[in-house]
Every structure is written in structure tokens, then in C-alpha cells.
Amino acid sequence: MDEPALARLLDAAVAGADPLEVMPPVGGPPGWTPERRAAFLEFHRARCLNSATAVERTWVVDVDGEAAGAARLQPDGDAVEAGIWLSRSSRGRGIGARVTALLLAEARSSGAARLLASTTAGNRGARGLLEGAGATLIVEGDEVTVELPLS
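With UniProt numbering, letter number 58 in the sequence shown gets 58, and the count goes up by one each step, no holes.
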């Protein structure tokens, strides 16, 4: 990720995702307000671009040359936590499965022993991706977590 990629990612988020699908909540009216757009940029700068504060590696998911979402890996002890979001127009097309396979390969090559992920009980797409990768889902209320051995 770099600044031009981050700008493309923001454009993809605004065009095809709800803010709550792609970043922590920000107060104010719903939708992609100027404040929420700025918070999106600062969130990603802090998490992956600023060498003093970076905690994860983030990649832009490109589909046919256009930004369509993001994928990330965040080290957590002997594990890595994975996250993916895709724009609405990219969902249900097999893109998530391909991105998941790439994240699993990257996690294995990093030497991590486990892949961690979480989603909500209602996110059938994410649940399907995780189950398709061989993960056992642990459902507690509205939260779904997985821990997938990588060896």
C-alpha cells in the first residue's frame, strides 16, 4: 500500500461499500461524509503506511485494473489476523476465494502458525470464505471467530 493506492481504495469504498464495512465507526450522519473519508485515510495511514505506527500489511484488491477492496494481515504472536472487504459489485464472483487463498499463502510464507479472523454472524459471504478455507467457525452471539492452523 502507498498513498496513490490508498486514494484508489477510498474511491472503491465510497463507490461500493458502507463505511461500517471497511473501517471503525465514526460519529456523525450516515454515509461517506468528508469527516468519514478523512478518518478512512488516517486509519489506513496509521495501520499500514506510517512506519512508526504500522501494525499490518494491507493490499488493494484489483479487479480488471480497478480497486475493488482490500486484504490485510496483522501479526499476532505466532499467528496473523486476516481481514478482507470487497465492494458490492465484486462480491459473489469468486474474488473473495482467490484473495483468501493468496492471504493464506502469504501467511504461510511469513512463518505464522495460525490464521485468525473474525466477522459477524450475519456475514454469510465471509463465513463461506472461511469455511471454504477449512476453518471451523466459533459462533458466540453475533460474533464469529476462527483459528486456522497453517501447517
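Yeah, the Cβ is synthetic: ideal placement off N, Cα and C, and Gly gets one too.
Q: Would you list, in sequence order, the uninterrupted alpha helix (DSSP H) runs of no fewer than 4 residues that lie entirely inside the UniProt domain "N-acetyltransferase" (7-151)?
A: If we require 4 residues or more, the alpha helix (DSSP H) runs fully inside the UniProt domain "N-acetyltransferase" (7-151) come out as 19-22, 34-44, 95-109 and 124-132.
Q: With a 10 Å radius around its C-beta and 16 neighbouring C-beta atoms as the bar for buried, classify residue 161 as buried or exposed.
A: Nothing can be reported for residue 161, as the shown portion of the chain is limited to 1 through 151.
Q) Just how far apart, CA to CA, sit residue 8 and residue 78? A) Rounded to whole angstroms, residue 8 to residue 78 spans 32 Å at the Cα level.
(Q) Please return the same chain residues whose Cβ sits closer than 6 Å to the Cβ of residue 40, not counting the five positions on each side in sequence. (A) Only 10 and 23 meet the Cβ criterion.
Q | Nearest candidate by alpha-carbon position, reference residue 101, set 14, 115, 66 and 28 | A | It is 115.
Q. If you count every other CB in all the chains shown that lies within 10 Å of the CB of residue 84, and 16 or more means buried, which is it?
A. The residue is buried, with at least 16 neighbouring Cβ atoms inside 10 Å.
(Q) Among the candidates 86, 53, 75 and 15, whose CA atom is the shortest distance from the CA of residue 111? (A) Closest option to residue 111, Cα to Cα, is 75.
Q) Between the C-alpha atoms of residue 55 and residue 70, what's the straight-line distance to the nearest angstrom? A) Rounded to whole angstroms, residue 55 and residue 70 show a C-alpha spacing of 15 Å.
**Q.** residue 120, buried or exposed, once every other Cβ within 10 Å from all chains shown has been counted against 16
**A.** Exposed.
Q. Ordered along the chain, which non-local residues of its own chain (more than five positions away) have a Cβ less than 8 Å from that of residue 150?
A. The residues are 104, 107, 108, 112, 113, 114 and 115.
Q. With distances taken from CA atoms, which of 53, 57 and 86 is nearest residue 67?
A. Just measuring C-alpha positions, the residue of 53, 57 and 86 sitting nearest residue 67 is 86.
(Q) Could you compute how far the alpha carbon of residue 137 sits from the alpha carbon of residue 148? (A) Cα to Cα, the separation comes out at about 10 Å.
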